[in-house]
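Residue numbers are given in full-length UniProt numbering: position 325 of the sequence shown equals residue 325, and the series is strictly consecutive.
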Amino acid sequence: MNASNQEAGQGPKVIPTIQEVESWNDEQLLEWIQRTQPDLLRNYMDFLTFKAKRINGSTFLEYAEDPDIMETHLRVGVRIGLASLALEVILQCKKGGGNEDEMTQLAAEANKRRKAIKDMITQMNDSSGQHSNFVDPLPEAIDKLSDPTSNYTFDFPYIGTMPERFKEPGIAKGKWLYMGRRIFKSLLRRINNTQERYWLRGTQDLGRPHLLAALVCYLAAQNERVVYLPDCQALFDDPVPYVRTAMLFAWANDFTTQKTIMGLHTQDQIRIFLKSQKDVIFVVDQMNALESSGFGDGETARQLRRWVIGFTFSNKAIFNCLEDSTDDLEELNHQDPNRMVWVHPRFTATEITEWWEAA
Numbered sequence: 001m002n003a004s005n006q007e008a009g010q011g012p013k014v015i016p017t018i019q020e021v022e023s024w025n026d027e028q029l030l031e032w033i034q035r036t037q038p039d040l041l042r043n044y045m046d047f048l049t050f051k052a053k054r055i056n057g058s059t060f061l062e063y064a065e066d067p068d069i070m071e072t073h074l075r076v077g078v079r080i081g082l083a084s085l086a087l088e089v090i091l092q093c094k095k096g097g098g099n100e101d102e103m104t105q106l107a108a109e110a111n112k113r114r115k116a117i118k119d120m121i122t123q124m125n126d127s128s129g130q131h132s133n134f135v136d137p138l139p140e141a142i143d144k145l146s147d148p149t150s151n152y153t154f155d156f157p158y159i160g161t162m163p164e165r166f167k168e169p170g171i172a173k174g175k176w177l178y179m180g181r182r183i184f185k186s187l188l189r190r191i192n193n194t195q196e197r198y199w200l201r202g203t204q205d206l207g208r209p210h211l212l213a214a215l216v217c218y219l220a221a222q223n224e225r226v227v228y229l230p231d232c233q234a235l236f237d238d239p240v241p242y243v244r245t246a247m248l249f250a251w252a253n254d255f256t257t258q259k260t261i262m263g264l265h266t267q268d269q270i271r272i273f274l275k276s277q278k279d280v281i282f283v284v285d286q287m288n289a290l291e292s293s294g295f296g297d298g299e300t301a302r303q304l305r306r307w308v309i310g311f312t313f314s315n316k317a318i319f320n321c322l323e324d325s326t327d328d329l330e331e332l333n334h335q336d337p338n339r340m341v342w343v344h345p346r347f348t349a350t351e352i353t354e355w356w357e358a359a
């Protein structure tokens, strides 16, 4: 909807959607405010001040969180009025359903899927006589996830679209097949022993995406707040919903926080929220998709990369990248080499045998 498509004084006031407001430039937003609340900027100096700031629709909605978010010289009453108008847009969209209903369904699905994953991992451990301990909770599950002669079908730990590389013939939608990797146990222990970030590196994929997805499943079974981004390429299409969906899975057992997450509509809001959280683990796959020299818009790739690195900075994070990724190498130059995990470019003989027999 274009802001100019509404006629003043005709019928009930129409509240635009959040997506519509976020798409407006400063002129469209100003036009809508004047038509919706003509008294709000009636004072000519207030009008000129607001116009000079060139506030677009996306920035305007942030007034719903903080009336003083912009360094303006508007009077307090005007700032509060703008905040109320922005909040009205957000609340009306929630009341009206639509996107909010979809997110509520995603939240419910996240809870259901996370429970299914936890039950599966727990059952793997309960089948043995081993008992959980402080160092290795669910030790038998760890052994099985590290055994290349074992394979399991799990619910995928992301409730959005599952990447094509996880799809297998004969496997139900939303599920994926995992064959054990010997490196799983050592990877888990190394990650548990640090509060920083790890980088998985190797040539091609070599099963690293499946290894990371299995790690996410195990961490979810341990009730960890794990935010899993399985495909950074998807960030180019619609970054906010993609990350928000991952967050709903991380807080699947906390509906109060999920409702807060549903109200996050901008990259800045997501960044601020995630940086304020403690004890979150980020697992980010396909970082090479955010190569500034790769296919697509280089500037967009750089911006998305800064965003991802930024909102993961305050917590533990595991990134997957290719060996020859130039942007990743630059990032790695600033990292402790002891926190870099090299995934060997060759499977073990046992892993190769099992993979061929399963093919």
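We put the CB at the ideal spot given by N, CA and C, even for glycine.
Contact between A214 and Y242 does not hold, since their C-beta atoms are separated by about 21 Å, which reaches or exceeds 8 Å. Judged by their CB atoms, K118 and A221 are nearer to each other than the 7 Å cut-off.
Within the same chain, Cβ atoms closer than 6 Å to the Cβ of F282 are found at V227, T312 and A317, the five residues on either side in sequence being excluded. Rounded to the nearest whole angstrom, the C-alpha separation of I309 and D46 is 38 Å. Distance between R306 and D126, taken at the CA atoms: about 42 Å. In the assembly as shown, A172 is an exposed residue. Its beta-carbon has fewer than 16 other beta-carbons within 10 Å. Rounded to the nearest whole angstrom, the C-alpha separation of G202 and P157 is 23 Å. Setting aside the 5 residues that flank it on each side, P230 is surrounded in the same chain by Y158, P163 and D285, each with a C-beta closer than 6 Å to its C-beta; the list follows chain order.
Nearest in C-alpha terms to Q267, of all of L212, K53 and T59, is T59.
Contact between the segment 70-85 and the segment 35-45 is present: 3 or more CB-CB pairs across the two stretches fall below 8 Å. Looking only at C232, R165 and S314, the smallest Cα-Cα distance to Q277 is reached by S314. Judged by DSSP secondary structure, W32 falls within the alpha helix (DSSP H) whose first and last residues are D26 to T36.
Restricted to the segment 170-223, the alpha helix (DSSP H) segments that are unbroken, complete and at least 4 residues in length are 183-192 and 208-221, listed in chain order.
Cβ atoms of L211 and R181 come within 8 Å of each other, at about 5 Å. The count of Cβ pairs closer than 8 Å, one atom from the segment 102-112 and one from the segment 243-250, reaches three, so the stretches are in contact.
For a cut-off of 8 Å, the C-beta gap from R208 to L200 is around 5 Å, short enough to register as a contact. For M124, the closest of V78, V240 and D147 by C-alpha to C-alpha distance is D147. T49 is positioned such that its CB atom lies no closer than 7 Å to that of L29. Contiguous beta strand (DSSP E) elements confined to the segment 249-312 occur at 280-284, taking only those with 3 or more residues. Boundaries of the alpha helix (DSSP H) around Y44: Y44 to K53. Cβ contact annotation for F184 (same chain, cutoff 6 Å, sequence separation greater than five): L145 and S146, in chain order. For the pair G77 and V21, the CB atoms are not nearer than the 7 Å cut-off. With respect to the 7 Å criterion, L290 and L304 are classified as neighbours on the basis of their beta carbons.
When secondary structure is reduced to three states using DSSP, T153 falls in the strand class. Secondary structure of N125 (DSSP, three-state): helix. Distance between D101 and T149, taken at the CA atoms: about 43 Å.
In the three-state scheme derived from DSSP, where H, G and I count as helix and E and B as strand, L322 is classed as strand. Collapsing the DSSP output to three states places K167 in coil. Within the same chain, Cβ atoms closer than 8 Å to the Cβ of T257 are found at W251, the five residues on either side in sequence being excluded. Per DSSP, reduced to three states, the secondary structure at R225 is strand. Close CB contacts of N192 within its chain, under the 7 Å cut and outside five residues either way in sequence, are absent.
The alpha carbon of Q105 has as its nearest neighbour, out of N43, G160, I121 and F319, the alpha carbon of G160.
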